[in-house]
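Numbering (the working numbering), first residue to last: 111 to 605.
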Amino acid sequence: MKVILLAGFLFLFLSMKAQDTPRTDSASYSIDSSKRNVSYDTLKYDSTHDMYGDLLNDDPQYNPRYKWYIPATRVIMTNVFNWATAKYIFHYDWPATSISDWKNNLKKGWEWDSDKFGVNFIGHPHSGNYYFNVGRSNGYTFWGSLPFAIEGSLTWEYFGENTRPSINDFINTPISGMFLGEIIYRISSNILDDRTRGAERVWREIFAGIINPPRALNRLTQGKMFRVTSKEVYQKEPLNITFFAGVHKVNNKIGKNNLFGTGTNNAIVHLQLDYGDPFETRHRKPFDLFRLRIELGYGADVHVLDNVNGYGILFGKNFKPSRLLGGVFQHFDYWRNNIFEVGSLGYGGGLISRIPVKRHSNIYSSIHLAVVPLAGNNTQFGPDTSEFRHYNFGGGMEAKMEETFNLNNWATLGFTGFYYWIHTYNGLPGNSLVGILKPVITVKLYKNLRIGFEQLIYHNDRFLNDIPTLHLTRTEQKLFLQLYFEDPQRRGKYN
Numbered sequence: 111m112k113v114i115l116l117a118g119f120l121f122l123f124l125s126m127k128a129q130d131t132p133r134t135d136s137a138s139y140s141i142d143s144s145k146r147n148v149s150y151d152t153l154k155y156d157s158t159h160d161m162y163g164d165l166l167n168d169d170p171q172y173n174p175r176y177k178w179y180i181p182a183t184r185v186i187m188t189n190v191f192n193w194a195t196a197k198y199i200f201h202y203d204w205p206a207t208s209i210s211d212w213k214n215n216l217k218k219g220w221e222w223d224s225d226k227f228g229v230n231f232i233g234h235p236h237s238g239n240y241y242f243n244v245g246r247s248n249g250y251t252f253w254g255s256l257p258f259a260i261e262g263s264l265t266w267e268y269f270g271e272n273t274r275p276s277i278n279d280f281i282n283t284p285i286s287g288m289f290l291g292e293i294i295y296r297i298s299s300n301i302l303d304d305r306t307r308g309a310e311r312v313w314r315e316i317f318a319g320i321i322n323p324p325r326a327l328n329r330l331t332q333g334k335m336f337r338v339t340s341k342e343v344y345q346k347e348p349l350n351i352t353f354f355a356g357v358h359k360v361n362n363k364i365g366k367n368n369l370f371g372t373g374t375n376n377a378i379v380h381l382q383l384d385y386g387d388p389f390e391t392r393h394r395k396p397f398d399l400f401r402l403r404i405e406l407g408y409g410a411d412v413h414v415l416d417n418v419n420g421y422g423i424l425f426g427k428n429f430k431p432s433r434l435l436g437g438v439f440q441h442f443d444y445w446r447n448n449i450f451e452v453g454s455l456g457y458g459g460g461l462i463s464r465i466p467v468k469r470h471s472n473i474y475s476s477i478h479l480a481v482v483p484l485a486g487n488n489t490q491f492g493p494d495t496s497e498f499r500h501y502n503f504g505g506g507m508e509a510k511m512e513e514t515f516n517l518n519n520w521a522t523l524g525f526t527g528f529y530y531w532i533h534t535y536n537g538l539p540g541n542s543l544v545g546i547l548k549p550v551i552t553v554k555l556y557k558n559l560r561i562g563f564e565q566l567i568y569h570n571d572r573f574l575n576d577i578p579t580l581h582l583t584r585t586e587q588k589l590f591l592q593l594y595f596e597d598p599q600r601r602g603k604y605n
């Protein structure tokens, strides 16, 4: 059930260029000592396995690194396929390239483009994920796969379109592409099991292929799709899934009139993935730990893909066993509804901690501060809907905070905050300060089923040189039912 839900939800996301104590949207990682008395001090790991006995890396004997020209060629083939599809099936104008277009692109160089917000901040990261996973599925590491994402973006910008190469695309495609790509690679590894046969093997290959098509193609050509091994050959980490569905109301009044119930009702579904154990003392590699949230909507006030945000660890260290993790994280944020648009990528430091209050009550905290090399935010009220770009490109800083108080496993009180300072690189000169606050409460109904309420407060101060200073505040409410699916291998060890 968990795999089907995960594969279906991620398929919807990608196709758009997208236990007894369930976790809330703002919840962090926790230990459920009510199920089993587990001490991290008694769990050990060695140089090849974690404390649960799982591999710390893909087994190189069964996942060798192929010669560089193999993935490099497949990246070019990916671009040729995408170009031909756009030109001959969808009949778009921009793939109508010629040698003169190529010469013009090479001669005139780079510019900031005017594509739609969703194209630039979701579409291109999605494409970068494909390039990145060509490298990953050919045996290259997280960092070793980045050159293939750069190759794919660079060749596409110069030769795949009849417009000049785009600065923002060349940043967003490989960098955000490696963020989404590594998450997708890790999820597909959790699904795959080369020890299995028969029907189980078939559905594992199908679901992993839906989530990660480049990996499926490489598995087919490399013979991995049909081989049977006597042992586990992929790194796997605990993957816990929080899913909720409910009603979303975006209030449409301004200032003091921005009260509850002033907007229409919209349907929402939300998926949160928590991968890895932050309180396991071990050597940390990129994305051994990550969190990803995806929210889809249906209605007059929301877009189908409402928001995608998350972070993954790059380097880290546990300072106190089962209590504190510090590290450097990569961030990805995409928000888009009828009120505001914000997209960013970031790198910075963070702390994840657990503070016991009583036997079954804990406070979980996650605090991050990051540099933002590229961001985008709208300069008008509402989303970018015209043929002209109504958002700035910029950069700056971002801060995130997630706090959750677990009350004896029957209720949670949570708070999540995002804050962005964006200085314009291209667009209306000036600065924007964007804050998103999300208090939430959930109450247990039965086993892993909860009811929850979330309030979202959006605040934007725009100090742009060519228009009057603008201060916007909007609110949203969400009422939902929530399910939590815990990794069966970790049941009782943490939530």
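For glycine and all other residues, C-beta sits at the position ideal for the given N, C-alpha and C.
Check your understanding: Nearest-angstrom Cα distance between Trp222 and Thr331?
Key -> Numbered from 1 along the sequence shown, position 112 holds the residue referred to as residue 222. Numbered from 1 along the sequence shown, position 221 holds the residue referred to as residue 331. Their Cα atoms are separated by approximately 38 Å.
Exercise for review: For Ile199, count neighbouring C-beta atoms within 10 Å of its own C-beta (all shown protein chains included) and say buried if the count is 16 or more, exposed if not.
Suggested key: Residue mapping note: residue 199 aligns to position 89 of the sequence shown, counting from 1. By the neighbour-count rule (16 or more Cβ atoms within 10 Å), Ile199 is not buried but exposed.
Practice item. Please specify which runs of the beta strand (DSSP E), each continuous and at least 3 residues long, are wholly inside the region 568–600, giving them in chain order. Key: 580–595
Check your understanding: Taking only beta-carbon atoms, is Arg560 less than 8 Å away from chain B?
Key -> Protein chains in the displayed structure number just one, and chain B is not present.
Exercise for review: Please name the residue, chosen from Tyr444, Val438, Phe397, that lies closest to Asn419 on a Cα-to-Cα basis.
Suggested key: Here residue 419 is taken as the residue at index 309 of the sequence shown, counted from 1. It is Tyr444 whose Cα lies nearest to the Cα of Asn419.
Practice item. Can you grab the Cα-Cα spacing for the pair Lys226 / Asn328, in whole Å? Key: For the purposes of this step, residue 226 is identified with residue 116 of the sequence shown, where counting begins at 1. For the purposes of this step, residue 328 is identified with residue 218 of the sequence shown, where counting begins at 1. When rounded, the distance between both Cα atoms is 32 Å.
**Study point:** Rounded straight-line distance, which links the Cα of Ala377 to that of Asn558
**Key:** Taking the sequence shown and counting its residues from 1, the one referred to as residue 558 is at position 448. Taking the sequence shown and counting its residues from 1, the one referred to as residue 377 is at position 267. Their backbone Cα atoms lie some 22 Å apart in a straight line.
Exercise for review: Give the range of the alpha helix (DSSP H) segment to which Arg627 is assigned.
Suggested key: Nothing can be reported for residue 627, as the shown portion of the chain is limited to 111 through 605.
Point to revise | Residue interval of the beta strand (DSSP E) (run including Ser471) | key: As a working note, residue 471 is residue 361 in the sequence shown. Taken as a continuous stretch (DSSP letters only), the beta strand (DSSP E) holding Ser471 covers 471–488.
Check your understanding: The alpha helix (DSSP H) with Ala309 in it runs from where to where?
Key -> For the purposes of this step, residue 309 is taken as the residue at position 199 of the sequence shown. Residues 308–321.
Review point. Roughly how many whole angstroms lie between the Cα atoms of Arg403 and Gly422?
Key: Translated into the one-based positions of the sequence shown, residue 403 becomes position 293. Translated into the one-based positions of the sequence shown, residue 422 becomes position 312. Going from the Cα of Arg403 to the Cα of Gly422 covers about 12 Å.
Exercise for review: Please report the Cβ distance between Leu290 and His236, rounded to the nearest whole angstrom; I am assuming they are in contact, meaning their Cβ atoms lie under 8 Å.
Suggested key: Here residue 290 refers to the residue found at position 180 when the sequence shown is read from its first residue. Here residue 236 refers to the residue found at position 126 when the sequence shown is read from its first residue. That pair is a contact at about 7 Å.
Check your understanding: What separation, rounded to the nearest whole angstrom, lies between the Cα atoms of Gly527 and Lys430?
Key -> Against the sequence shown, residue 527 aligns to sequence position 417. Against the sequence shown, residue 430 aligns to sequence position 320. The alpha-carbon atoms of Gly527 and Lys430 are separated by roughly 25 Å.
Review point. Is it a yes or a no for the region 237–251 touching the region 281–289, going by three-plus beta-carbon pairs under 8 Å?
Key: yes
Exercise for review: Determine which residues share a DSSP beta bridge with Gly90 and list them.
Suggested key: Absent from the structure is residue 90, since the part of the chain shown begins at 111 and ends at 605.
**Study point:** Per-residue burial, Tyr408 [other beta carbons within 10 Å of its own, 16 or more giving buried]
**Key:** In the sequence shown, counting from the first residue as 1, residue 408 sits at position 298. By the neighbour-count rule (16 or more Cβ atoms within 10 Å), Tyr408 is not buried but exposed.
Practice item. Spatial neighbours of Arg305 within its chain, please: CB distance less than 8 Å, with the 5 preceding and 5 following residues excluded, ordered by chain position. Key: For the purposes of this step, residue 305 is taken as the residue at position 195 of the sequence shown. Closer than 8 Å at Cβ, skipping near neighbours: Val338, Thr339, Ser340, Lys341, Glu342.
Exercise for review: Can you grab the Cα-Cα spacing for the pair Arg464 / Gly245, in whole Å?
Suggested key: Here residue 464 is taken as the residue at index 354 of the sequence shown, counted from 1. Here residue 245 is taken as the residue at index 135 of the sequence shown, counted from 1. If you take the alpha carbons of Arg464 and Gly245, they lie about 36 Å apart.
Point to revise | Pairwise C-alpha distance: Phe503 and Gly458 | key: Mapped onto the sequence shown, residue 458 falls at position 348. Mapped onto the sequence shown, residue 503 falls at position 393. Roughly 20 Å between the two C-alpha positions.
Point to revise | Own chain residues within Cβ distance below 6 Å of Gln129, not counting five before or after | key: Locating residue 129 in the sequence shown gives position 19, where the first residue counts as 1. Its pLDDT being 32, under 50, Gln129 is placed unreliably by the model, and nothing is read from it.
Point to revise | Reduced DSSP secondary structure (H/G/I, E/B, other) of Asn375 | key: As a working mapping, residue 375 is identified with position 265 in the sequence shown. Three-state DSSP puts Asn375 in a strand.
Exercise for review: Give a yes or no on contact between the region 541–559 and the region 583–593, applying the rule of three or more CB pairs nearer than 8 Å.
Suggested key: yes
Exercise for review: Give me the Cα-Cα distance between Leu166 and Glu347, rounded to the nearest whole angstrom.
Suggested key: In the sequence shown, residue 166 corresponds to position 56, counting from 1. In the sequence shown, residue 347 corresponds to position 237, counting from 1. So the two alpha carbons sit approximately 9 Å from each other.
Review point. Looking at the unbroken alpha helix (DSSP H) that takes in Gly287, where does it start and where does it end?
Key: The residue given as residue 287 occupies position 177 in the sequence shown. From DSSP, the alpha helix (DSSP H) with Gly287 extends over 277–301.
Practice item. Rounded to whole angstroms, what's the CA-CA distance from Tyr179 to Tyr295? Just pull it up for me. Key: The residue given as residue 179 occupies position 69 in the sequence shown. The residue given as residue 295 occupies position 185 in the sequence shown. Taking the straight line from one Cα to the other gives about 21 Å.
Review point. In terms of DSSP beta bridges, what is Val412 paired with?
Key: Along the sequence shown, read from residue 1 onward, the residue named residue 412 stands at position 302. Answer is Asn447, bridged to Val412.
Practice item. Return the CA-CA distance between Ile462 and Ala206, expressed in angstroms with no decimal places. Key: Residue mapping note: residue 462 aligns to position 352 of the sequence shown, counting from 1. Residue mapping note: residue 206 aligns to position 96 of the sequence shown, counting from 1. Whole-angstrom Cα-Cα distance: 49 Å.
Point to revise | Touching by the beta-carbon criterion (3+ pairs, under 8 Å), the region 262–275 and the region 513–523 | key: no
Check your understanding: Are there three or more Cβ pairs, one per stretch, closer than 8 Å when the region 385–393 is compared with the region 438–452?
Key -> no
Check your understanding: Between which two residues does the alpha helix (DSSP H) containing Val185 stretch?
Key -> Within the sequence shown, the letter at position 75 stands for residue 185. Looking at the DSSP string, the run of the alpha helix (DSSP H) that includes Val185 is 179–194.
Point to revise | For Ile281 and Asn488, the rounded distance between their alpha carbons | key: Locating residue 488 in the sequence shown gives position 378, counting from the first residue. Locating residue 281 in the sequence shown gives position 171, counting from the first residue. Rounded to whole angstroms, Asn488 to Ile281 spans 19 Å at the Cα level.
**Study point:** Which of helix, strand or coil DSSP assigns to Tyr556
**Key:** Here residue 556 corresponds to residue number 446 of the sequence shown, with the count starting at 1. Tyr556 falls in the strand class under three-state DSSP.
**Study point:** Per-residue DSSP class, three states only, for Arg392
**Key:** On the sequence shown, residue 392 is found 282 positions in, with the first residue counted as 1. Arg392 falls in the coil class under three-state DSSP.
Check your understanding: How about Asn272 and Asn230: are their beta carbons less than 8 Å apart?
Key -> Numbered from its first residue, the sequence shown carries residue 272 at position 162. Numbered from its first residue, the sequence shown carries residue 230 at position 120. Cβ distance not < 8 Å, so Asn272 and Asn230 don't count as in contact.
Exercise for review: Within 10 angstroms of the Cβ of Gln345, are there 16 or more other Cβ atoms? Answer buried if so, exposed if not.
Suggested key: Stepping through the sequence shown from its first residue, residue 345 is reached at position 235. Buried, since its Cβ has 16 or more Cβ neighbours within 10 Å.
Practice item. Report the three-state DSSP secondary structure of Ser454 (helix, strand or coil). Key: Within the sequence shown, numbered from 1, the residue matching residue 454 stands at position 344. The answer is strand: DSSP assigns Ser454 an E or B state.
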